[in-house]
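Be aware that the sequence shown starts at 408, since it is given in my numbering, and climbs by one per residue.
These notes concern the structure reproduced below.
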Amino acid sequence: MLPTELLQEIFSRLPAKSLLRFRCVSKSWRRIIDGPDLVKSHLKKSAESYRNHTLILTETGMNYHVLDLGPLDNPRKARVCKPPFTGGEIEDVSNPCNGIIVVSTETFGLLYLWNPFLKKHRAFPDSPSRCTRGHHFPEQLLGLGYDPINDDYKVIRNLECKHIAHHLVCSKTEVFTFRSKVWREVDPFPCSLSCTYQLWVGPVNGSLHMLCADSSHDCKIVGFGIEAEKYFEVLFPLKVPANTIMGLDLLGDCLCVSCFDESRVNIWVMKEYGVRDSWTILTSVDLHRCESPLVYFKPLVYSEDRKKVLLYSNVFEFVWYDLEMKTRRKIRVRAVPYLIQLVPCVKSLVFPGGSREEVKKDGWQVKENKVKKTRDDFLSKGFKLKL
């Protein structure tokens with residue numbers, strides 16, 4: 408029998424899929440693989456390689472597909488990924504954090520912390536804050552971050568209620584921590600949610616980030632500190648022209664801004680977080696030389712040697728872009744749906760909301776089962792279904 412320390416080092420370098428199989432070898436292996444030390448070391452190594460990432464593809468109607476990224480030299484096929492929980496249609500999703508996302512459904516007052524790779528989830532109570540139905544139209548954003556100081560995950564919920572005449576009624580930001588198990592209200596989001604462009608991006612340097620427009624319609628990056636729970640602004644590299652289309656992404660462990668005009672795409676990377684002068688142009692693509700009528704590229708991940716970047720275009724193409732040679736190579740991917748969201752997510756062993764033992768001890772999963780039983784009883788009685 409090899410020493411535990413040596414097994415942990417070996418396991419931390421293996422694909423997550425292999426480790427799931429190895430849990431069945433023995434109780435001692437399962438204990439090591441499920442242990443917090445291996446989960447953290449494996450997560451750190453997995454984040455450094457695109458081969459340990461998957462893409463979460465969300466199509467119209469909030470159906471999910473996943474696409475494994477490594478290796479991409481061979482044709483790939485996106486596969487349907489059905490969430491293992493019930494509760495109506497999916498309404499909102501968060502940014503990924505350590506391989507986990509937050510999902511809200513249309514009914515039952517529950518949110519779900521979900522690891523798509525492990526196919527495990529944890530139900531937790533939704534915030535009691537609601538908009539009055541009828542005259543108010545709610546908008547919601549969900550974010551997820553990890554606080555390493557307190558070893559705790561935090562869910563950020565931005566809520567905005569508007570009157571039927573479209574004027575703002577209220578704006579809130581609420582934070583849920585899994586250690587306290589309660590929602591708290593903090594400072595509201597500094598921009599209108601209708602002026603945001605995408606999901607929260609990050610975490611980077613302990614903060615989530617959002618691209619939005621201020622009252623003068625100028626684009627800016629708003630950050631939210633996960634530990635301090637305060638908003639702040641991240642400065643752009645330059646003044647952005649009015650006719651420029653912009654995108655904010657996470658590339659490696661850096662913020663990445665893409666600026667698109669009629670002729671060119673400039674992709675900027677913030678090399679040193681918070682330092683405006685550290686913004687550098689990663690690449691500049693001449694759209695006139697592209698075969699397809701491209702409007703934008705979305706940067707996804709670096710290659711192993713960081714000499715190439717995987718891009719996704721608005722004409723539903725995946726492309727390896729060589730940063731040195733300035734060349735592009737298309738990747739054949741089958742069964743890609745019409746997308747409304749596309750987010751890289753690391754394949755991790757992180758159990759949603761804590762260890763497996765912690766999840767078994769709390770009562771939220773029991774509540775989810777009661778909700779499911781109540782719905783099944785209603786269907787069986789009202790529609791005479793055998794469930």
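Cβ coordinates follow ideal geometry from the N, Cα and C atoms, glycine included.
Entirely enclosed alpha helix (DSSP H) segments - the region 658 to 722, minimum 4 residues: Listed in chain order, there is nothing to give.
What does a CB cutoff of less than 8 Å around Trp675 pick up in its chain, not counting 5 residues either side in sequence? As a position in the sequence shown, residue 675 is number 268, starting the count at 1. Around Trp675, the same chain offers Pro644, Cys663, Val664, Ser665, Cys666, Trp686, Thr687, Ile688 and Leu689 as residues with beta carbons nearer than 8 Å, after the five sequence neighbours per side are excluded.
Just to confirm, are Leu421 and Cys752 a CB contact at a threshold of 9 Å? Here residue 421 is taken as the residue at index 14 of the sequence shown, counted from 1. Here residue 752 is taken as the residue at index 345 of the sequence shown, counted from 1. The Cβ-Cβ distance between Leu421 and Cys752 does not fall below 9 Å.
Helix, strand or coil at Ser578 according to DSSP, with G and I counted as helix: Within the sequence shown, the letter at position 171 stands for residue 578. In this structure, Ser578 counts as strand in the three-state DSSP scheme.
Look at the Cβ atom of Ile633, then the Cβ atom of Lys561, and state whether they are nearer than 9 Å. Stepping through the sequence shown from its first residue, residue 633 is reached at position 226. Stepping through the sequence shown from its first residue, residue 561 is reached at position 154. Annotated as proximal: Ile633 and Lys561, with beta-carbon spacing under 9 Å.
Does DSSP classify Leu414 as helix, strand or coil? Start at 1 with the first residue of the sequence shown, and residue 414 comes out as number 7. DSSP places Leu414 in helix when its eight states are reduced to three.
What is the rounded straight-line gap between the Cα of Asp499 and the Cα of His528? Residue 499 sits at position 92 when you count from the first residue of the sequence shown. Residue 528 sits at position 121 when you count from the first residue of the sequence shown. Using only the alpha carbons, I get a separation of about 16 Å.
Three-way DSSP call (helix, strand, coil) for Ser614 in this model: In the sequence shown, the residue the question calls residue 614 occupies position 207. Residue state for Ser614 is assigned as strand, using DSSP reduced to three classes.
Range covered by the beta strand (DSSP E) that runs through Ser511: Residue 511 sits at position 104 when you count from the first residue of the sequence shown. According to the DSSP assignment, Ser511 belongs to the beta strand (DSSP E) that extends over Ile508 to Thr512.
If you measure from the beta carbon of Cys504 to each beta carbon in chain C, is any gap under 9 Å? Of the protein chains in the structure, only one exists, and it is not chain C.
Between the C-alpha atoms of Val773 and Ala530, what's the straight-line distance to the nearest angstrom? As a first step, residue 773 is located in the sequence shown; it is residue number 366 there, counting from the start. As a first step, residue 530 is located in the sequence shown; it is residue number 123 there, counting from the start. Residue placement at Val773 cannot be trusted, given a pLDDT of 40 that sits under 50; the coordinates are not used to answer.
Are the CB atoms of Pro523 and Cys488 nearer to each other than 9 Å? The residue given as residue 523 occupies position 116 in the sequence shown. The residue given as residue 488 occupies position 81 in the sequence shown. In this structure, the beta-carbon distance from Pro523 to Cys488 falls below 9 Å.
On the three-state DSSP scale, how would you describe Leu445? Translated into the one-based positions of the sequence shown, residue 445 becomes position 38. Helix.
Could you tell me the alpha carbon to alpha carbon distance between Lys637 and Thr465, rounded to whole angstroms? Taking the first residue of the sequence shown as 1, we reach residue 637 at position 230. Taking the first residue of the sequence shown as 1, we reach residue 465 at position 58. If you take the alpha carbons of Lys637 and Thr465, they lie about 30 Å apart.
Using only alpha-carbon positions, find the residue among Pro503, Arg736, Cys504 and Phe492 that is nearest to Tyr519. Here residue 519 refers to the residue found at position 112 of the sequence shown. Just measuring C-alpha positions, the residue of Pro503, Arg736, Cys504 and Phe492 sitting nearest Tyr519 is Phe492.
Can you have a look at Thr580 and say buried or exposed, based on whether 16 or more other CB atoms are within 10 angstroms of its CB? Position 173 of the sequence shown holds residue 580. Here Thr580 is buried. Its C-beta has 16 or more other C-beta atoms within 10 Å.
Contact check, Leu642 vs Phe631 under 8 Å by CB: the rounded distance? Within the sequence shown, numbered from 1, the residue matching residue 642 stands at position 235. Within the sequence shown, numbered from 1, the residue matching residue 631 stands at position 224. For a cut-off of 8 Å, the C-beta gap from Leu642 to Phe631 is around 16 Å, too long to register as a contact.
Ala423 to Asp621, Cα distance in whole Å? Looking up residue 423 in the sequence shown gives position 16. Looking up residue 621 in the sequence shown gives position 214. Each residue's CA atom was taken as its position, placing Ala423 and Asp621 some 42 Å apart.
Just verifying my parser: in three-state terms, what is the DSSP assignment at Arg438? Here residue 438 refers to the residue found at position 31 when the sequence shown is read from its first residue. Of the three classes helix, strand and coil, the one that applies to Arg438 here is helix, per DSSP.
Please give the ranges of any beta strand (DSSP E) in the region 548 to 574, keeping only runs that are unbroken, at least 3 residues long and fully inside the region. With a minimum length of 3 residues, the continuous beta strand (DSSP E) runs that stay inside the region 548 to 574 are 559 to 570.
Pull up the distance between the alpha-carbon of Ile439 and that of Lys447, whole angstroms please. As a working note, residue 439 is residue 32 in the sequence shown. As a working note, residue 447 is residue 40 in the sequence shown. One Cα belongs to Ile439, the other to Lys447, and the distance between them is close to 12 Å.
Reference Glu412, options Lys434, Thr651 and Leu445, closest by Cα: Here residue 412 is taken as the residue at index 5 of the sequence shown, counted from 1. If we check each option's Cα against that of Glu412, Leu445 comes out closest.
Would you call Asp656 buried or exposed, if buried means 16 or more other Cβ atoms sit within 10 Å of its Cβ? Taking the first residue of the sequence shown as 1, we reach residue 656 at position 249. Burial call: buried.
In chain order, what residues of the same chain lie with their CB nearer than 8 Å to the CB of Asp693, ignoring the 5 residues before and after it? Numbered from 1 along the sequence shown, position 286 holds the residue referred to as residue 693. Sequence-distant Cβ neighbours of Asp693 in its own chain, meaning closer than 8 Å and more than five residues away, are Ser670 and Arg671.
In angstroms, rounded to a whole number, what distance separates the CA positions of Lys705 and Asn612? Indexing the sequence shown from 1 puts residue 705 at position 298. Indexing the sequence shown from 1 puts residue 612 at position 205. Distance from the CA of Lys705 to the CA of Asn612, rounded to the nearest whole angstrom, comes to 21 Å.
I'd like to check one pair, Ser599 with Cys626: are the Cβ atoms closer than 9 Å? Along the sequence shown, one-based indexing puts residue 626 at 219. Along the sequence shown, one-based indexing puts residue 599 at 192. Contact: no.
Do you know how far the Cα of Asp475 is from the Cα of Met732? Taking the sequence shown and counting its residues from 1, the one referred to as residue 732 is at position 325. Taking the sequence shown and counting its residues from 1, the one referred to as residue 475 is at position 68. Rounded to whole angstroms, Met732 to Asp475 spans 26 Å at the Cα level.
Which residues share a DSSP beta bridge with Asn522? To locate residue 522, count along the sequence shown from 1; it is residue 115. Looking at the DSSP output, Asn522 bridges to Lys527.
Out of curiosity, what's the CA-to-CA distance linking Ser435 and Thr734? Counting from one through the sequence shown, the residue named residue 435 turns up at place 28. Counting from one through the sequence shown, the residue named residue 734 turns up at place 327. The alpha-carbon separation between Ser435 and Thr734 amounts to approximately 49 Å.
Buried or exposed: which applies to Lys788, given that a residue is buried once 16 or more other Cβ atoms fall within 10 Å of its Cβ? In the sequence shown, the residue the question calls residue 788 occupies position 381. Unreliable positioning characterises Lys788 in this predicted model, as indicated by a pLDDT of 49, which lies under 50. A coordinate reading is not provided.
Just tell me which of Gly760, Ser710 and Phe725 has its CA closest to the CA of Tyr457. Here residue 457 refers to the residue found at position 50 when the sequence shown is read from its first residue. Cα-wise, what sits closest to Tyr457 is Ser710.
Taking Pro759 and Trp521 to be in contact with their CB atoms under 8 Å, please state how far apart those CB atoms are, rounded to whole angstroms. Position 352 of the sequence shown, counted from the first residue, corresponds to residue 759. Position 114 of the sequence shown, counted from the first residue, corresponds to residue 521. At roughly 6 Å, the Cβ-Cβ gap stays under 8 Å, so Pro759 and Trp521 are in contact.
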